[in-house]
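Each remark here refers to the structure printed beneath this line.
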Amino acid sequence: MTQVQPKSGAARESWTSNSGFIMAAIGSAVGLGNIWRFPGVAYESGGGAFLVPYLIALLTVGIPVLFLDYAIGHRYRGAPPLAFRRMKRKAEGLGWFQVGLLFVISVYYAVIIAWSLSFFYFSFGTKWGDKPADFFTGEYLKLPDEVGVSTELVAGVAWPLVGVWVAIVAVLALGVAKGVEKLNVFGIPLLVIGFGALVIRAVTLPGASDGLNALFTPDWNALTDLSVWIAAYGQIFFSMSIAFGIMISYASYQRRKANMTSSGLVVGFANSSFELLAGIGVFSALGFLAHQSHVPVAELEGLTGPILSFVTFPAVISEMPGSALFGALFFGALVIAGFTSLVSIVQGVSAAVQEKFGLNRRTAAVAVGIVAAIISFALFSTTTGLYTLDTVDAFSNNVGIVFSAIVMCVLSVWVMRNIEELRLHLSAVSTFKVGKWWVVVIGVYAPIFLGVILVDKLIDLITEGYEGYPTWFVGVFGWGTLVLLVLFAVVGPLFAWKGRDDPGFRPWPELGRPAKSVTVKKEVKR
């Protein structure tokens, strides 16, 4: 016996099981930021003491906002534009703002996976030589000294980028169950096994304990520094794929009677557990590099971001016995983690286009994939691609996503005033009930703290610029990215709905009625 579902247009795809949804959500959350961002942020923000604000951030913003994404997607059964439109017709623009974020992130995220594919190949024989920094920026990326815009393609980036986009379109064309779910059911265990083997090897290296001491020795004075708390909330926020549409789309494919909050807890803690595992592996390896170089860990450079992955880690790998295997494990992990995240990002865009224009999934996947691939090639596979990527990423993540979260929380609680409906929905379909505390967190605590993060970042960008790049360059690719997102929000709702916008849609279950009480003999998937 299964539940009645309201008639709401064409049959909607769904995950084949709750475990399939959880794997896909973990695949989205566990990405490049877990491996190359968390260890360095933790090290620079109090070491072991950083875990205190990090855990508080997970419990007070990470999981609550994840629950909000789940509630919106699961109750209103659509990608962000349709889900927000069903909540309040005028809120559709926020959905398109989030789709814009997904699209912008997808076009540069694919390039990082292309780099990882290249370095997976380079690891066999340590082709980066004795100077990995010169190899990465010089021989591989052919990065000029002057920041600007180039039309010269880098073949070593462009060819693997072709493979990335072909693979993305193929997975999305297969659909949610046969494509996205199967990819993650296979890829996530492989990622955990491969990266786990890498960590085991790293902690046995000479000097590994020095790296772990550097990472986990607590500086309790750091807890009085507001920037450390901002870093903790920022890390949770950026690593969990929340507040920019991914989890709304994924939750919309869940069956009507699905344990949403328990799934959210599993995803949240799995993401943080992988970050901790990454921290152990990365800093064990850095301790080994410091040991081999006869310098303290504190004197090493490049502890976060692309430099950690494509400069510092190749230097580590070159010093190791069995370097090819170690390199293959590390860069293979980057490819898998990045690819599962990228699939979720592009799926959010494809689903929105499919629903808005009444396209089938293959047509939508191909159309979105082609447009995104063209922009990827034009902007990020050129000799100046690293500069452009760095700038677009900083503004879309540090400003765009935080702004999206603040608006989503404020609209849900103070404007549309449907937060109680969403709370009751989560409690009706889940074993872990959501109390009134959640409303306070979403309506007050989260917007205030995220507002502090946003204002702090905006002041820094306005007064200091970004990375010393020319003002015109930051204006075009930084502030211009934010303008583009606003255009998505304004223009998206202007197109007529040709797909799943059903005026007769009714959210299920009805308020005040337990989900288990409404049953029929055969489930209708919507």
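Its first residue numbered 3, the sequence shown is counted upward by one per residue in the working numbering. The beta carbon of each residue, even a glycine, is placed where N, CA and C say it ideally should be.
Simplified DSSP assignment, three categories, for residue i
i, result
"L207", "coil"
"T384", "strand"
"V522", "Residue placement at V522 is poorly supported in this model, since its pLDDT is 35, which falls under 50; the coordinates still yield a value, given next. Of the three classes helix, strand and coil, the one that applies to V522 here is strand, per DSSP."
"L155", "strand"
"G437", "coil"
"T390", "helix"
"G578", "Here the chain comprises residues numbered 3 to 528, so residue 578 is not present and cannot be evaluated."
"G324", "coil"
"Y471", "coil"
"S30", "helix"
"M410", "helix"
"R425", "helix"
"L513", "coil"
"M249", "helix"
"T18", "coil"
"Q256", "coil"
"V166", "helix"
"S343", "helix"
"M25", "helix"
"N420", "coil"
"G150", "coil"
"S378", "helix"
"S352", "helix"
"S432", "coil"
"G371", "helix"
"G177", "coil"
Nearest-angstrom Cβ-Cβ length linking residue i and residue j, presumed shorter than 8 Å
i, j, result
"G236", "I455", "6 Å"
"L96", "A407", "11 Å between Cβ atoms; not a contact."
"G387", "G196", "Contact doesn't hold; Cβ gap of about 28 Å is too wide."
"G270", "I421", "The pair is not a contact, with the Cβ atoms about 20 Å apart (cut-off 8 Å)."
"V436", "T263", "6 Å"
"I1", "L192", "Here the chain comprises residues numbered 3 to 528, so residue 1 is not present and cannot be evaluated."
"A245", "Y72", "Not quite, the Cβ-Cβ distance comes to about 12 Å (not below 8 Å), so this is no contact."
"G402", "L484", "6 Å"
"V476", "G467", "6 Å"
"E15", "A179", "6 Å"
"T384", "L155", "6 Å"
"F285", "P511", "Rounded, the Cβ-Cβ distance is 48 Å, inconsistent with contact."
"A317", "L291", "6 Å"
"L70", "L487", "Not a contact, Cβ separation roughly 20 Å."
"Y45", "L310", "Actually they do not touch by this definition, with Cβ atoms about 11 Å apart."
"R363", "A135", "Wrong, their Cβ atoms sit about 43 Å apart, outside the cutoff."
"G213", "G266", "That belief does not hold up - the Cβ atoms of G213 and G266 are roughly 33 Å apart, past 8 Å."
"L426", "L513", "6 Å"
Counted within 10 angstroms of its Cβ, other Cβ atoms place residue i as buried (16 or more) or exposed
i, result
"V457", "exposed"
"H296", "exposed"
"G506", "exposed"
"L163", "buried"
"W416", "exposed"
"E277", "buried"
"P208", "exposed"
"V522", "Here V522 scores only 35 on pLDDT, less than 50, and its place in the model should not be relied on; the value that follows carries that caveat. With fewer than 16 other Cβ atoms within 10 Å, it is exposed."
"E183", "buried"
"M242", "buried"
"F240", "buried"
"F397", "buried"
"S30", "buried"
"V144", "It is Lys, not Val, that sits at residue 144 in the sequence shown. Answer is buried; the Cβ neighbour count reaches 16."
"F138", "buried"
"G247", "buried"
"T433", "exposed"
"E94", "buried"
"S275", "exposed"
CB contact below 9 Å: residue i versus chain B
i, result
"L104", "Among the chains of the structure shown, chain B does not appear; only one protein chain is present."
Counting beta carbon pairs with one atom in the region 463-482 and one in the region 385-393, are three or more of them shorter than 8 Å?
yes
Below 8 Å, can you find three or more Cβ-Cβ pairs linking the region 12-29 to the region 186-196?
yes
List in chain order: all unbroken alpha helix (DSSP H) runs of 4+ residues lying wholly within the region 260-318.
262-295
Indicate whether the contact test is met: 3 or more Cβ pairs, each with one atom in the region 55-62 and one in the region 221-237, closer than 8 Å.
yes
With three or more beta-carbon pairs closer than 8 Å as the criterion, would you say the region 45-55 touches the region 248-263?
no
Please list the segments of the alpha helix (DSSP H) lying wholly inside the region 184-243, counting only runs of 4 or more residues, in order along the chain.
184-205, 210-218, 228-241
Pairing CB atoms from the region 149-165 with CB atoms from the region 346-357, are three or more of them under 8 Å?
no
Extract the residue ranges of the alpha helix (DSSP H) inside the region 71-146, only unbroken runs of 4 or more that lie entirely within it.
82-89, 94-124
Give a yes or no on contact between the region 375-384 and the region 159-176, applying the rule of three or more CB pairs nearer than 8 Å.
yes
Output the residue ranges of the alpha helix (DSSP H) runs that lie fully inside the region 451-507 and measure 4 residues or longer, sorted by chain position.
473-476, 482-493
Can you find at least 3 beta carbon pairs, one from the region 122-135 and one from the region 68-88, that sit closer than 8 Å?
no
Give the list of continuous alpha helix (DSSP H) stretches no shorter than 4 residues that lie fully inside the region 35-65.
40-46, 53-59
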